[in-house]
Amino acid sequence: FPETTFIRLPRSPHIPPTYHPIPLSLPPLINPSEMSSPPSPPPSSTSGVALLSLFLLDTVSVAMLVPFLPQFYGMLPFSDIARENMSSLYSFSQILGGYVFGLASDTAGVGRRKALLLASFAASAASYYAVAKAEEVRGERGLWIVVASRLLVGFFKQSLTMTTSLMTSGSGDKTAEVGRISACLTLGWIVGPTLGSLLASRAGLEYVPRASAAIMAFNAVAAAAVLSDEGEKGGGGGKPKGRKTKEPDAWSPL
């Protein structure tokens, strides 16, 4: 009996010992034809440097404006309760946007992740420009412009999520990539408030949101021109071929 073995059953005083063959050949646990494709290739050094540079400018833009937001709120008819309610709405939109962008990033290829990053930059530019316009309009209309801008930037400002996803996609050393992103984040929050203070003192407070919007607009254009779709073109991005996997459910984490 090929690929079999024999075991000896306990001996009985009335029945002679017998041997029963037990086959050992087992079906393969993994079908080679169902194996998934190799992981996405890591981003090239040029794309990685460009992505980190854009994220650094993004952080500088945010850090320039955020310290001056209370002064802009003081120019508008905000009550203390309305200001806290707007802060709560901003936090809620940020959580919702992080969930949506994270889910979209998990199910998208490299090219679609770049599109999500572009949307983040463009929406942030529009939101920061709206803050500058609200300072000009003032009154109740300016108040609603600020509320809409904070909801917009709260939902779409997911550049940290998308940068981390793009940098660590197919990377062999994810810890190093996350460390570089953290370094850019820290440097941006050191440089940004300094530049914002210099701009406000030399040119005027109204130029700070305009400068932040200009940086975000530059980021959107530069990301469209510089970042490549090499991961998706190389066949590594997107859904793996072969083994059929269950599509992620939007409500499964809940």
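Under our numbering, think of the first position of the sequence shown as 141, with each following residue one higher. All C-beta atoms, glycine included, are put in the ideal place defined by N, C-alpha and C.
* Asked: For the 8 Å Cβ check, are there 3 or more pairs between the segment 211 to 219 and the segment 324 to 334?
  -> no
* Please classify residue 326: does DSSP put it in a helix, a strand, or coil? => helix
* **Start-to-end residues for the alpha helix (DSSP H) that takes in residue 286** => 279 to 296
* residue 247 by DSSP, collapsed to three states: which one? -> coil
* Asked: So which of 304, 205, 306 and 240 has the shortest CA-CA distance to residue 270?
  -> 205
* **Contacting residues, own chain, Cβ-Cβ under 6 Å from residue 197 (five flanking each side not counted)** => 355 and 359
* Ends of the alpha helix (DSSP H) at residue 219? -> Taken as a continuous stretch (DSSP letters only), residue 219 belongs to no alpha helix (DSSP H), as it is neither H nor E.
* To do: Report yes or no: do the segment 225 to 233 and the segment 286 to 299 share at least 3 C-beta pairs separated by less than 8 Å?
  => yes
* Asked: Going straight from the alpha carbon of residue 263 to that of residue 344, what length do you get?
  -> 24 Å
* Report the rounded CA-to-CA distance for residue 341 versus residue 297, giving the unit in angstroms. => 27 Å
* Asked: With 16 other CB atoms within 10 Å as the buried threshold, where does residue 334 fall?
  -> exposed
* Is residue 332 buried or exposed, if buried means 16 or more other CB atoms sit within 10 Å of its CB? -> buried
* Near residue 237, what residues of its chain come up, given a Cβ to Cβ distance below 8 Å and the 5 sequence neighbours on each side ignored? -> 294, 295, 296, 297 and 298
* Nearest to residue 365 (by Cα), restricted to the options 279, 213, 251 and 277 -> 251
* To do: Taking residue 304 as the reference, give the member of 278, 337 and 241 with the closest Cα.
  => 241
* Buried/exposed call for residue 287, threshold 16 Cβ in 10 Å -> buried
* Sequence-distant residues of its chain with Cβ nearer than 7 Å to residue 268 (five each side left out) -> 205, 349, 352, 353 and 356
* From 301, 324 and 200, residue whose alpha carbon lies closest to that of residue 235 -> 301
* Asked: Hey, quick one: how far does the alpha helix (DSSP H) through residue 351 stretch, first residue to last?
  -> 347 to 366
* Asked: If we call anything under 7 Å between Cβ atoms a contact, is residue 346 one with residue 275?
  -> yes
* Is residue 313 helix, strand or coil when you go by DSSP? -> coil
* Would you mind stating whether residue 257 and residue 363 have Cβ atoms separated by less than 7 Å? => yes
* Assuming residue 190 contacts residue 338 under a Cβ cut-off of 8 Å, what Cβ separation, rounded to an integer in Å, is found between them? -> Incorrect: roughly 27 Å between the Cβ atoms, too far for contact.
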